[in-house]
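Taking our numbering, I'd label the letters of the sequence shown as residues 1275 to 1605. Accompanying notes for the structure given below.
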Amino acid sequence: MRSKRFWFTIAFSCLTGISIAVFFDYRDAHPLTEDAYVKAHIVSIASRVSGPVLRMHVSDNEYVKEGQLLFELEPSSFETDTDEALANYRIALQKNAARKAMVESAESYVQETSVVLSRAKRTFERATTLAESELISESKFDLAAAEHAKALASLRSANADLLRAESELGVFGENNPIVKAAEARLQSAKLELSFTKVYAPVSGWVTNLSLRIGEMVIAERAQFSIVDDATWWVEANFKEVDLKRMRPNQLASIRIDMYPDLRLSGRVSSLGAGSGAVFSLLPPENATGNWVKITQRFPVTISLDRNEDGENFARPLRVGSSAVVTVHVDP
């Protein structure tokens, strides 16, 4: 009887030892952590201009699509600025066209004075020849000389007027600097007017929304957030002893505490280069007399695999929800 009990004890001890060895070997090949949380990109929503809220098109915790209208600001002041900029642009075009007409008129006058000068020059040259032969009176010679000098002065004045008109015109048309500046102000006014309507930059869940109609919105100040539904991952904090065989792209199994019956799959995306304690607000000070060794945890990013439709995970995920992660390391 004693012999049977002895052998039973030996067998039980061996089985227990083998079971423990198998368990730890399994855990070594499948490190697990409950210190894991669901993550997603959180996009802050802000208006690029200031103004009172005119209309709200979404509510808190509502799912929105990329490009969907979220809210509108009162556009009246921006519409006025746009109308003023449009009027100034048209005035700039009209002034540019008027200066172009002045240049053309000055060019025409230069041509006319050139013809007059050419005729006066020929008359003066004939009068000079006749005067040398004393075939013309002195008064007629003086008159021809005066007409030539007058025509020459008129041409010089016409050329000066042409240069001044060309200088004032600069470049004709849309490439004129004054016209381009007016057009730029118009485009800027139109752009600011378009900013009175705020659209969703990503698809996801509206969160932390307290904005109301009539409330004053300050430019570039976040009003609420959208949880981006495009990319989800789990940040799992593993003990340092679990990382010895863990590598990127290894398979992982994820269980969300919110959905105990839901099993998700993923892959190791990256392993943290430093422990969570290193980057905390108050890093631990180990150079003390009462130091106690504590196993450190390192963040491991697990990218989640979507379903075959590529659109969802069968259940809506929530940022910050707890998870249990098991990584299947290579043997």
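We treat Cβ as the ideally placed atom computed from N, Cα and C, and that holds for glycine.
- By the Cβ-count criterion, residue 1387 is buried, with 16 or more other Cβ atoms from all chains shown falling within 10 Å of its own Cβ.
- In the DSSP secondary-structure assignment, residue 1540 is bridged to 1526, 1578.
- In the three-state scheme derived from DSSP, where H, G and I count as helix and E and B as strand, residue 1351 is classed as helix.
- When the five nearest sequence neighbours on each side are left out, the beta carbons in the same chain lying within less than 7 Å of the beta carbon of residue 1473 are those of 1341, 1342, 1343, 1344, in order along the chain.
- Put simply, of 1334, 1466, 1434 the residue whose alpha carbon is nearest the alpha carbon of residue 1357 is 1466.
- Separation of the CB atoms of residue 1336 and residue 1598 is rounded to 30 Å, and the pair is thereby denied contact status at 8 Å.
- A residue is called buried once 16 or more other Cβ atoms fall within 10 Å of its Cβ, and residue 1423, having fewer, is exposed.
- Beta-bridge annotation (DSSP): residue 1499 is paired with 1318, 1481.
- In this structure, residue 1524 lies away from residue 1508, with their beta-carbon atoms at least 7 Å apart.
- Distance from the Cα of residue 1484 is smallest, within the candidate group 1477, 1497, 1491, 1410, for 1497.
- Excluding five sequence positions before and after residue 1433, the CB atoms of its chain that fall closer than 8 Å to its own CB belong to 1384, given in chain order.
- In this structure residue 1359 is in contact with residue 1459, their Cβ atoms being roughly 5 Å apart against a cut-off of 8 Å.
- With respect to the 7 Å criterion, residue 1316 and residue 1499 are classified as neighbours on the basis of their beta carbons.
- For residue 1321, the number of other beta carbons within 10 angstroms of its own is at least 16, and it is reported as buried.
- Residue 1324 holds the alpha-carbon nearest to the alpha-carbon of residue 1495 among 1324, 1367, 1570.
- Cβ-Cβ separation between residue 1545 and residue 1517: approximately 6 Å, consistent with a contact (criterion under 8 Å).
- Rounded to whole angstroms, the separation of the alpha carbons of residue 1532 and residue 1511 is 19 Å.
- DSSP places residue 1596 inside the beta strand (DSSP E), whose first and last residues are 1596-1602.
- Around the beta carbon of residue 1373, 16 or more other beta carbons lie within 10 angstroms, which makes this residue buried.
- Non-local beta-carbon contacts of residue 1393 in its own chain, meaning distances under 8 Å to residues more than five positions away in sequence, involve 1425 in chain order.
- One thing to note: residue 1329 has its Cβ within 7 Å of the Cβ of residue 1346.
- The C-beta of residue 1578 has 16 or more other C-beta atoms within 10 Å across all chains shown, which makes the residue buried.
- The beta carbon of residue 1537 sits closer than 7 Å to those of 1527, 1529, all from its chain and outside the five residues before and after it, given in chain order.
- Per DSSP, the beta bridge partners of residue 1307 are 1599.
- In this model, residue 1570 and residue 1314 are separated by some 25 Å (Cα to Cα).
- Boundaries around residue 1464 are those of the alpha helix (DSSP H), 1451-1468, since no beta strand (DSSP E) includes it.
- Take residue 1452, set aside five residues on each side of it, and the residues of its chain with a beta-carbon closer than 8 Å to its own are 1366, 1369, 1370, 1444, in chain order.
- Between the alpha carbons of residue 1414 and residue 1428 lies a gap of roughly 21 Å.
- Of the residues assessed, residue 1305 falls on the buried side of the cut-off, its CB having 16 or more other CB atoms within 10 angstroms.
- Boundaries of the beta strand (DSSP E) around residue 1472: 1471-1473.
- The alpha-carbon separation between residue 1603 and residue 1595 amounts to approximately 25 Å.
- For the set 1361, 1504, 1487, 1486, the Cα lying nearest the Cα of residue 1478 is the one of 1504.
- Annotation: residue 1352 to residue 1470 spans about 8 Å, alpha carbon to alpha carbon.
- By the neighbour-count criterion, in which 16 or more other beta carbons inside 10 Å mark a residue as buried, residue 1491 falls on the buried side.
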